[in-house]
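Just add 62 to the spot in the sequence shown (first one is 1) and you have the working numbering.
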Amino acid sequence: MGNVGKLSQKLQEAVRKLSYKTTVDELKKKGIQRVNVVGLDRIVALIEAAVHRTLKQRIAGFEGIERRGEIATRTREEFLKLLNSKETLERARDEVIEEKEELQDEVLRLREELRSTQTQLSSQEAKIATEERMRHAEADQELQAEIDELMFKLGLAGNAKSEELVRHVLELTQVRLDAERERVAEARRKEYQSEVELLNRRLSKLNGTLQETEKQLMAVMRAKNIDDGIASIYKDVQGLDNADNHYETKKELMSSIFEANLRLQGKR
Numbered sequence: 063m064g065n066v067g068k069l070s071q072k073l074q075e076a077v078r079k080l081s082y083k084t085t086v087d088e089l090k091k092k093g094i095q096r097v098n099v100v101g102l103d104r105i106v107a108l109i110e111a112a113v114h115r116t117l118k119q120r121i122a123g124f125e126g127i128e129r130r131g132e133i134a135t136r137t138r139e140e141f142l143k144l145l146n147s148k149e150t151l152e153r154a155r156d157e158v159i160e161e162k163e164e165l166q167d168e169v170l171r172l173r174e175e176l177r178s179t180q181t182q183l184s185s186q187e188a189k190i191a192t193e194e195r196m197r198h199a200e201a202d203q204e205l206q207a208e209i210d211e212l213m214f215k216l217g218l219a220g221n222a223k224s225e226e227l228v229r230h231v232l233e234l235t236q237v238r239l240d241a242e243r244e245r246v247a248e249a250r251r252k253e254y255q256s257e258v259e260l261l262n263r264r265l266s267k268l269n270g271t272l273q274e275t276e277k278q279l280m281a282v283m284r285a286k287n288i289d290d291g292i293a294s295i296y297k298d299v300q301g302l303d304n305a306d307n308h309y310e311t312k313k314e315l316m317s318s319i320f321e322a323n324l325r326l327q328g329k330r
């Protein structure tokens, strides 16, 4: 009996959470002049009666007070979970939404970082290329001056053959210099490209995570249709998903409560 009392108290708390407050003026605005009032204790009793009725319909031939009490207790606990499922799902939805917003902020931040890095590296690349061209031109002039000075010291300056020799030496030297300069430039381009690719991979991975989070959010929203409000069975059982494995059980239980409520109002 102790467990039954605790469960009844939990049912009262759960039903109270599902209720909402209104005023007489608000009801009159909606054209409602009179309302039928059902006490919380009676609602809980109706729920328990509906549970027993459902058990009788779905479990044929079970006997024994202890066995029936055990099944009823478990069924009450399950029904309590159903009452609280909306709140649980809303919390799950809020958590997924918060995660989605955090991911969106991170995607924006990373995109800005990528754009800034690309701009900075491109600017740096152009600056370095300009500086290198100037430095290479100065180095070539210095090399030419050093060779001319060497030829002068050797007494070969002004000699046609000597000048041809100098030209060949400069050409060979220039080929080696250009090859080395290209090697350095290629290494720098690879370093630049690696940094950009790293940022692109991070952005791609983050976008993938964001898409998965959006799918999770949609799945939570569809799973229990939590935006449609508390279930109503006056026309149909709204707020229950037809794809739910326990849809028929939940619908039958809600219908039993509704029918019991109609009978109760008929006796008043």
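Glycine included, every Cβ here is placed at the ideal spot set by N, Cα and C.
Secondary structure at Thr181: helix, using DSSP grouped into helix, strand and coil.
When the beta-carbon positions are compared, Leu260 and Lys162 stay at least 8 Å from each other. Between Val228 and Ile209 the beta-carbon gap is near 6 Å, inside 8 Å, which marks them as a contact. Rounded to the nearest whole angstrom, the C-alpha separation of Glu211 and Ala249 is 35 Å. In the assembly as shown, Val158 is a buried residue. Its beta-carbon has 16 or more other beta-carbons within 10 Å. If you ignore the 5 residues before and after Lys92, its C-beta comes within less than 6 Å of no other C-beta in its own chain. Excluding residues up to 5 positions away in sequence, Leu172 lie with their Cβ nearer than 7 Å to the Cβ of Arg264 in the same chain. DSSP, reduced to helix, strand and coil, places Asn262 within a helical segment of the structure shown.
Counting only the Cα atoms, Arg177 lies some 19 Å from Gly270. When the five nearest sequence neighbours on each side are left out, the beta carbons in the same chain lying within less than 8 Å of the beta carbon of Arg243 are those of Glu194 and His198, in order along the chain. Listed in chain order, the alpha helix (DSSP H) elements of length 4 or more contained wholly in the segment 205-247 amount to none.
Shown here, Gly270 sits in a helix according to DSSP, grouped into three states. In the structure shown, Thr85 falls within a coil segment according to DSSP collapsed to helix, strand and coil. In this structure, the straight-line span from the alpha carbon of Glu152 to that of Lys277 is close to 16 Å. Exclusion of the five residues before and after Gln166 leaves Leu272 as the residues of its chain whose Cβ lies within less than 8 Å of its Cβ. A straight line joining the alpha-carbon of Thr85 with that of Asp156 spans about 30 Å.
Collapsing the DSSP output to three states places Ile94 in coil. Here Thr179 is near Val258, since their CB atoms are less than 8 Å apart.
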